[in-house]
Amino acid sequence: MINVGVIGTGMIGQDHIRRMTTVLSGVKVTAVSDVDAATARTVGERIGAAVHTTGQELVADPSVDAVLVCSWGPTHEQYVLAAIAAGKPVFCEKPLATTTEACRRIIEAETAYGSRLVQVGYMRRYDNAYRALKAVLDSGQIGTPLLMHCAHRNPSVPPVYEKDMAITDTAVHEIDMVRWMLGEEITAVRVLVPKRSRNGGALQDPLFLLMEMAGGAIVDVEISVNIRYGYDIRGEIVGEDGTAALGELSPILVRRAGQVATPVPADWRERFLRAYDIELQEWIDGIAAEIPASGPSSWDGYAAAVVSDAGVSALHTGQRVPVALMDKPKLYAAEVIA
Numbered sequence: 004m005i006n007v008g009v010i011g012t013g014m015i016g017q018d019h020i021r022r023m024t025t026v027l028s029g030v031k032v033t034a035v036s037d038v039d040a041a042t043a044r045t046v047g048e049r050i051g052a053a054v055h056t057t058g059q060e061l062v063a064d065p066s067v068d069a070v071l072v073c074s075w076g077p078t079h080e081q082y083v084l085a086a087i088a089a090g091k092p093v094f095c096e097k098p099l100a101t102t103t104e105a106c107r108r109i110i111e112a113e114t115a116y117g118s119r120l121v122q123v124g125y126m127r128r129y130d131n132a133y134r135a136l137k138a139v140l141d142s143g144q145i146g147t148p149l150l151m152h153c154a155h156r157n158p159s160v161p162p163v164y165e166k167d168m169a170i171t172d173t174a175v176h177e178i179d180m181v182r183w184m185l186g187e188e189i190t191a192v193r194v195l196v197p198k199r200s201r202n203g204g205a206l207q208d209p210l211f212l213l214m215e216m217a218g219g220a221i222v223d224v225e226i227s228v229n230i231r232y233g234y235d236i237r238g239e240i241v242g243e244d245g246t247a248a249l250g251e252l253s254p255i256l257v258r259r260a261g262q263v264a265t266p267v268p269a270d271w272r273e274r275f276l277r278a279y280d281i282e283l284q285e286w287i288d289g290i291a292a293e294i295p296a297s298g299p300s301s302w303d304g305y306a307a308a309v310v311s312d313a314g315v316s317a318l319h320t321g322q323r324v325p326v327a328l329m330d331k332p333k334l335y336a337a338e339v340i341a
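In the numbering used here, the protein residues as written are 4 to 341.
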């Protein structure tokens with residue numbers, strides 16, 4: 004049984020706690036912590052977990068075998084570094100950290116430790132539809148990939164959502180996904196700005212992100228965060244010999260009043276429910292088997308941050324912005340983006 008401590012008991016933290024206490028096997032949540040002490044206490048009492056005042060205190064708890072970081076993004080670095088210093092596996096929800104420099108500090112700490120402890124929460128790699136799409140691509144059925152078309156559509160976003168978040172919070176999932184899907188790095192980005200939707204108010208919505216891949220393929224991402232009709236994620240790869248695309252996910256087809264319709268997910272939790280389950284179960288199973296983390300790594304978190312920074316620069320300047328990554332440390336050098 005792997006004893007996990009959860010830092011951050013907000014929406015995603017509580018959803019993972021529910022998952023680990025009612026869905027997954029081989030795991031027990033033994034400790035929680037949050038800046039909102041009342042919420043942490045309520046959650047801890049409900050599941051019989053110890054409640055710690057700080058995340059660092061939770062990491063140091065000898066009853067905690069592994070750490071799950073679900074707190075506010077700017078706090079991620081300190082908790083991931085604390086877990087590395089304690090030699091404990093740590094799963095960090097995206098982002099790994101909110102700056103490229105912070106991501107580099109995490110890579111330096113993990114490299115000094117000597118083996119992988121960190122996994123970053125990019126759940127699309129665990130989604131059955133995306134895994135099936137990658138299997139088709141890797142089989143060679145459609146030949147060498149030339150283009151990939153993506154769409155990331157939200158019904159709405161909260162008032163605190165700002166322009167840059169379309170890249171750093173929304174499209175960052177596509178940024179990680181295409182690196183994994185195509186197995187290569189992103190080398191440059193551009194952002195095109197279409198006519199503004201009336202649904203977005205003062206927010207520039209939608210946006211169109213263009214990414215150049217190391218092998219020459221081009222990836223485009225439509226980012227629409229006030230589309231109203233639902234949460235809709237799309238992806239199609241154009242190869243030399245054919246195409247492959249994510250299919251419709253609804254298990255039902257409704258025929259009524261002269262129309263045929265399929266339900267659209269309401270939000271990311273509904274769309275990627277099983278992906279989150281698979282992601283954390285595989286992480287837990289790896290810890291139990293004493294296998295170093297094999298999911299999205301600190302390098303992946305760093306690469307996503309660098310590309311996001313380039314995307315924000317492209318958004319503000321209207322220019323094509325090259326992506327410059329540091330040399331890949333030997334700890335991650337043997338990894339294929341897979």
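Note that CB positions come from ideal geometry on N, CA and C, so glycine has one too.
Cα-Cα separation, residue i to residue j
i, j, result
"V257", "P266", "8 Å"
"I50", "A41", "15 Å"
"I178", "V222", "10 Å"
"V72", "V35", "10 Å"
"P197", "K91", "46 Å"
"V160", "M126", "20 Å"
"A337", "P295", "13 Å"
"P65", "A53", "12 Å"
"A341", "E48", "Unreliable positioning characterises A341 in this predicted model, as indicated by a pLDDT of 49, which lies under 50. The coordinate reading is nonetheless provided below. About 39 Å."
"P77", "A89", "20 Å"
"I10", "V123", "14 Å"
"L150", "A135", "18 Å"
"T26", "V139", "Correcting the residue identity first, residue 26 is Val in this sequence and not Thr. Taking the straight line from one Cα to the other gives about 30 Å."
"A291", "G261", "54 Å"
"A169", "N157", "11 Å"
Simplified DSSP state of residue i, which is helix, strand or coil
i, result
"M151", "strand"
"D3", "As displayed, the chain neither begins before 4 nor continues past 341, which places residue 3 out of reach and without an answer."
"K333", "helix"
"E342", "The structure shown does not extend to residue 342, since the chain is modelled only from 4 to 341, so the question has no answer here."
"N229", "coil"
"Q122", "strand"
"I287", "helix"
"A341", "Because the pLDDT at A341 is just 49, under 50, the model does not fix this residue reliably, and the value given afterwards should be weighed accordingly. In this structure, A341 counts as coil in the three-state DSSP scheme."
"Q81", "helix"
"N157", "coil"
"R323", "coil"
"E96", "strand"
"D223", "strand"
"A191", "strand"
"T45", "helix"
"G76", "helix"
"T171", "helix"
Continuous alpha helix (DSSP H) stretch holding residue i: start and end
i, result
"K31", "Not the alpha helix (DSSP H): K31 falls in the beta strand (DSSP E), residues 30 to 36."
"T320", "301 to 320"
"R22", "14 to 25"
"E113", "103 to 116"
"A132", "131 to 142"
"D235", "Element bounds for D235: not the alpha helix (DSSP H) but the beta strand (DSSP E), 235 to 242."
"V175", "175 to 185"
"V267", "Taken as a continuous stretch (DSSP letters only), V267 belongs to no alpha helix (DSSP H), as it is neither H nor E."
Start-to-end residues for the beta strand (DSSP E) that takes in residue i
i, result
"V70", "69 to 72"
"I5", "5 to 10"
"R259", "257 to 259"
Nearest neighbour of residue i, chosen from the options [CA to CA]
i, options, result
"L3", "T78, T45, Y82", "Because the chain in this structure spans residues 4 to 341, residue 3 falls outside the shown range and cannot be described."
"D351", "T320, S74, V7, I189", "It is not possible to answer for residue 351, since the shown part of the chain is limited to 4 through 341."
"P98", "A89, I87, V121", "V121"
"Y305", "I10, H79, V163, T57", "H79"
"E96", "V315, K166, V175", "V175"
"H155", "S227, K137, D330, L149", "S227"
"M329", "L206, Y279, C106", "C106"
"T56", "S28, A247, V38", "V38"
"G58", "R44, T33, A85, I110", "A85"
"P148", "L185, E285, R193", "L185"
Check: residue i C-beta below 6 Å from any heavy atom of the ligand GTP
i, result
"I5", "You won't find the ligand GTP in this model; it holds no ligand whatsoever."
7 Å Cβ cutoff, residue i in contact with chain D
i, result
"G298", "Here chain D cannot be found, since the structure has a single protein chain."
Checklist entry - Which ranges would you report for the beta strand (DSSP E) in the stretch 196 to 220 if only whole runs of at least 3 residues count? => result You should have 210 to 216.
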